[in-house]
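*Asks:* Structure below; questions to follow.
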Amino acid sequence: MATIETLFKNARLRDGKVHDIAVDKGRIGSIVPAGSGGHAEAIVDIAGELLVPCFVEGHIHLDTSFFGDAWIPHKPCLNGFDVHERVAFQAENMAQAAAMDERARNQLDLCIANGALQMRSHVMVDGSVGLSSLETILRVREEYEGLIDIQLVAFPQSGILKSPGTPELMDEAIALGANLVGGLDPLSFDRDIKGHLDVVFGIAERRGVDVDIHLHDAGTLGAFTIEEICARTTALGMQGRVAISHAYGLGDLSSDAARKIAGLIATSGVSIMTNAPGSHNFPPVALLRSEGVVVFSGSDNIRDSWWPYGDGDMLRRAEIIGYRSGFYTDRELCAAFDVVTMGGAHALRLDGYGIEIGAKADFVTLAAAHVPEAVVSVPKGRRVFKAGRLVAENGSVVR
Ligand SMILES: [Zn+2]
-4 MATIETLFKN ARLRDGKVHD IAVDKGRIGS IVPAGSGGHA EAIVDIAGEL LVPCFVEGHI
56 HLDTSFFGDA WIPHKPCLNG FDVHERVAFQ AENMAQAAAM DERARNQLDL CIANGALQMR
116 SHVMVDGSVG LSSLETILRV REEYEGLIDI QLVAFPQSGI LKSPGTPELM DEAIALGANL
176 VGGLDPLSFD RDIKGHLDVV FGIAERRGVD VDIHLHDAGT LGAFTIEEIC ARTTALGMQG
236 RVAISHAYGL GDLSSDAARK IAGLIATSGV SIMTNAPGSH NFPPVALLRS EGVVVFSGSD
296 NIRDSWWPYG DGDMLRRAEI IGYRSGFYTD RELCAAFDVV TMGGAHALRL DGYGIEIGAK
356 ADFVTLAAAH VPEAVVSVPK GRRVFKAGRL VAENGSVVR
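Just so you know, we're using our numbering here: the sequence shown kicks off at -4 and counts up by one.
Right, dumping it as structure tokens:
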């Protein structure tokens, strides 16, 4: 029998049993009862802790966080929440902040240390910043190769039609290395749903990339936009390749109306990202999942011009989602966990994700007996492994 490269001994899996996991060339080669793992060049003792797949940080903004920089006090909007006003505050704050690459590294280290090794980040591409933010984040992504896999979304923070030159810039962004095309409130921001979605889906079709659209619009305005996005997705045969981030409007609908639109979202293969933020209504996670919709999550903003919260911990995010959704049973707590793991893997179309033979050895150890306990206790002191290599321990990245 060939010698195993690394044997992860005494790892508790979701079935509650303790196993030995063999890893060769960065992938899981076998999973056997503890003590029967065979000979290995290196042994890592998990000591009975829970071993779970890495977290999927499915929605973050690497360009706009001030994490690790000076504290910037939050400035409220003058007359209630207004996206335009917040974008203006953001421009003021960004001009005073530390260099973007430094702030992006701070945020990446935070996420990796918490066990997120798969990420989707939106990066501002519009008439105000052009492609400069994307160029910076692309360089940082290269530096972090081998530590975390990052998908970048060309995000039109100032609208597509309202910000001259943005359609061309978004197209160039894809040529430069962005992986997805983004969007922002086609109705309330650009006030032209057809014009906005023509650009987004036009680029997606021409460049063969996936779509992830920010949609904050409430109630029927949001629901109408979701129906339009679903129709475009189906017409282009893009099922499984389109996400709607936030989709607050789903949280405003009656349960009958929500169930009806959930059916449409599921058959269109559109996934829904929620971070269950603050006092907002947010999508009904259990209802969506019961209708077959893929629900995933992310930190979204971490200490930026939008809000002062965020700790880059997707397990904490699972707790927040469960708490705000009124999840109490083990089955419900597992659903919250699924949103930050498998849900993200489906939405991001990740290959080789999970604790199974042949999957990438990207995993996290948690001091918990099982997943429901992990969701409510959010244990720290984690060890994080990428392709079987230790990349973070006790809250710090190991280089
Ligand atoms: Zn966002």
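A virtual CB, placed ideally from N, CA and C, is assigned to each residue, including glycine.
#1: Quick check: what's the CA-CA separation for residue 165 versus residue 282?
#2: Unbroken beta strand (DSSP E) runs of length 3 or more, entirely within the stretch 58 to 123: which are they?
#3: When you compare the stretch 12 to 26 with the stretch 349 to 358, are there three or more beta-carbon pairs, one atom per stretch, that lie closer than 8 Å?
#4: What residue from 170, 211 and 326 has the CA that sits closest to residue 271's CA?
#5: Give me the DSSP bridge partner(s) of residue 14.
#6: Leaving out the 5 sequence neighbours to the left and right, which residues in its chain are closer than 7 Å to residue 182 when beta-carbon positions are compared?
#7: Less than 7 Å between the CB of residue 205 and some heavy atom of ligand 1, yes or no?
#8: If the criterion is Cβ atoms closer than 8 Å, does the pair residue 295 and residue 14 meet it?
#9: With a cut-off of 7 Å, give the chain-ordered residues whose Cβ is closer than this to any heavy atom of ligand 1.
#10: How big is the Cα-Cα spacing for residue 27 and residue 383?
#11: Going by Cα to Cα distance, which pick from 123, 298, 83 and 389 is closest to residue 60?
#12: Contact between the stretch 111 to 118 and the stretch 66 to 83: three or more CB pairs below 8 Å?
#13: Tell me, please, which residues DSSP counts as bridged to residue 268.
#14: Are residue 16 and residue 6 closer than 8 Å when you measure CB to CB?
#15: Please name the residue, chosen from 3, 207, 172 and 155, that lies closest to residue 42 on a Cα-to-Cα basis.
#16: Pop quiz: residue 142 and residue 386 are said to be a contact at Cβ under 8 Å. What is the actual Cβ separation, rounded to whole angstroms?
#17: What three-state label does DSSP hand residue 376 in the structure shown?
#18: Can the beta-carbon of residue 205 be found closer than 8 Å to that of residue 227?
#19: From 122, 202 and 243, pick the residue whose C-alpha is nearest to that of residue 278; which is it?
#20: Name the residue from 163, 286, 34 and 349 whose alpha carbon lies nearest to the alpha carbon of residue 50.
#21: First and last residue of the beta strand (DSSP E) that includes residue 322?
#22: Excluding the 5 residues preceding and the 5 following residue 324 in the sequence, name in chain order all residues of the same chain whose CB lies nearer than 8 Å to its CB.
#23: According to DSSP, is residue 197 part of a helix, a strand, or is it coil?
#24: What's the gap between the Cα of residue 193 and the Cα of residue 175?
#25: If you reduce the DSSP assignment to three classes, tell me which class residue 297 lands in.
#26: Excluding five sequence neighbours on each side, which residues of the same chain lie with their C-beta closer than 7 Å to the C-beta of residue 225?
#27: Can you tell which of 339, 131, 86 and 117 has its C-alpha closest to the C-alpha of residue 100?
#28: Tell me where the alpha helix (DSSP H) around residue 162 begins and ends.
#29: Can you give the beta carbon distance from residue 116 to residue 86, rounded, assuming they're within the 8 Å contact cut?
#30: How about residue 170 and residue 120: are their beta carbons less than 8 Å apart?
#31: What does the alpha-carbon distance come out to for the pair residue 133 and residue 172?
*Replies:* By the coordinates alone:
#1: Your numbering for residue 165 matches position 170 in the sequence shown. Your numbering for residue 282 matches position 287 in the sequence shown. Residue 165 and residue 282: Cα-Cα distance of roughly 34 Å.
#2: 111 to 119
#3: Taking 8 Å as the limit for Cβ pairs, the verdict is that the stretch 349 to 358 does touch the stretch 12 to 26.
#4: As a working mapping, residue 271 is identified with position 276 in the sequence shown. Looking at the Cα atoms, 211 is the closest of the given residues.
#5: Working through the sequence shown from its first residue, we reach residue 14 at position 19. Residue 14 is bridged to 6 and 28.
#6: For the purposes of this step, residue 182 is taken as the residue at position 187 of the sequence shown. Closer than 7 Å at Cβ, skipping near neighbours: 188, 212, 216 and 220.
#7: Your numbering for residue 205 matches position 210 in the sequence shown. Residue 205 has its Cβ no nearer than 7 Å to any heavy atom of ligand 1.
#8: What you label residue 295 is simply residue 300 of the sequence shown in a count that begins at 1. What you label residue 14 is simply residue 19 of the sequence shown in a count that begins at 1. Cβ distance not < 8 Å, so residue 295 and residue 14 don't count as in contact.
#9: 54, 56, 117, 209, 240, 295 and 296
#10: As a working note, residue 27 is residue 32 in the sequence shown. As a working note, residue 383 is residue 388 in the sequence shown. Cα to Cα, residue 27 sits roughly 17 Å from residue 383.
#11: As a working note, residue 60 is residue 65 in the sequence shown. It is 298 whose Cα lies nearest to the Cα of residue 60.
#12: no
#13: Walking along the sequence shown from the start, residue 268 turns up at place 273. Partner(s): 240 and 291.
#14: Here residue 16 is taken as the residue at index 21 of the sequence shown, counted from 1. Here residue 6 is taken as the residue at index 11 of the sequence shown, counted from 1. In this structure, residue 6 lies closer than 8 Å to residue 16 by Cβ.
#15: Here residue 42 is taken as the residue at index 47 of the sequence shown, counted from 1. For residue 42, the nearest C-alpha among the options comes from 3.
#16: The residue you call residue 142 lines up with position 147 of the sequence shown. The residue you call residue 386 lines up with position 391 of the sequence shown. With 8 Å as the limit, residue 142 and residue 386 qualify as a contact, their Cβ atoms being about 5 Å apart.
#17: Here residue 376 corresponds to residue number 381 of the sequence shown, with the count starting at 1. Looking at residue 376 - three-state DSSP - the assignment turns out to be coil, as it is neither helix nor strand.
#18: In the sequence shown, the residue the question calls residue 205 occupies position 210. In the sequence shown, the residue the question calls residue 227 occupies position 232. No. Outside cutoff.
#19: On the sequence shown, position 283 is the one that residue 278 refers to. Of the candidates 122, 202 and 243, the one whose C-alpha sits nearest the C-alpha of residue 278 is 243.
#20: Reading the sequence shown from its first residue, position 55 is the one you call residue 50. Answer by Cα proximity: 349.
#21: Numbered from 1 along the sequence shown, position 327 holds the residue referred to as residue 322. Looking at the DSSP string, residue 322 is not in any beta strand (DSSP E), and its letter there is neither H nor E.
#22: Residue numbering aside, residue 324 sits at position 329 when the sequence shown is read from its first letter. Hits under 8 Å: none found.
#23: By one-based count along the sequence shown, residue 197 stands at place 202. Three-state DSSP puts residue 197 in a helix.
#24: Within the sequence shown, numbered from 1, the residue matching residue 193 stands at position 198. Within the sequence shown, numbered from 1, the residue matching residue 175 stands at position 180. Pairing residue 193 with residue 175, the inter-Cα distance amounts to about 15 Å.
#25: Residue numbering aside, residue 297 sits at position 302 when the sequence shown is read from its first letter. In the structure shown, residue 297 sits in coil (DSSP, three-state: anything other than H, G, I, E or B).
#26: Taking the sequence shown and counting its residues from 1, one reaches residue 225 at position 230. Cβ contact annotation for residue 225 (same chain, cutoff 7 Å, sequence separation greater than five): 259, 260, 263 and 265, in chain order.
#27: Against the sequence shown, residue 100 aligns to sequence position 105. The shortest C-alpha separation from residue 100 is found at 131.
#28: For the purposes of this step, residue 162 is taken as the residue at position 167 of the sequence shown. Looking at the DSSP string, the run of the alpha helix (DSSP H) that includes residue 162 is 161 to 171.
#29: Numbered from its first residue, the sequence shown carries residue 116 at position 121. Numbered from its first residue, the sequence shown carries residue 86 at position 91. That belief does not hold up - the Cβ atoms of residue 116 and residue 86 are roughly 19 Å apart, past 8 Å.
#30: Looking up residue 170 in the sequence shown gives position 175. Looking up residue 120 in the sequence shown gives position 125. No, these two residues do not count as a Cβ contact at 8 Å.
#31: Your numbering for residue 133 matches position 138 in the sequence shown. Your numbering for residue 172 matches position 177 in the sequence shown. Spanning the two alpha carbons is a distance of roughly 7 Å.
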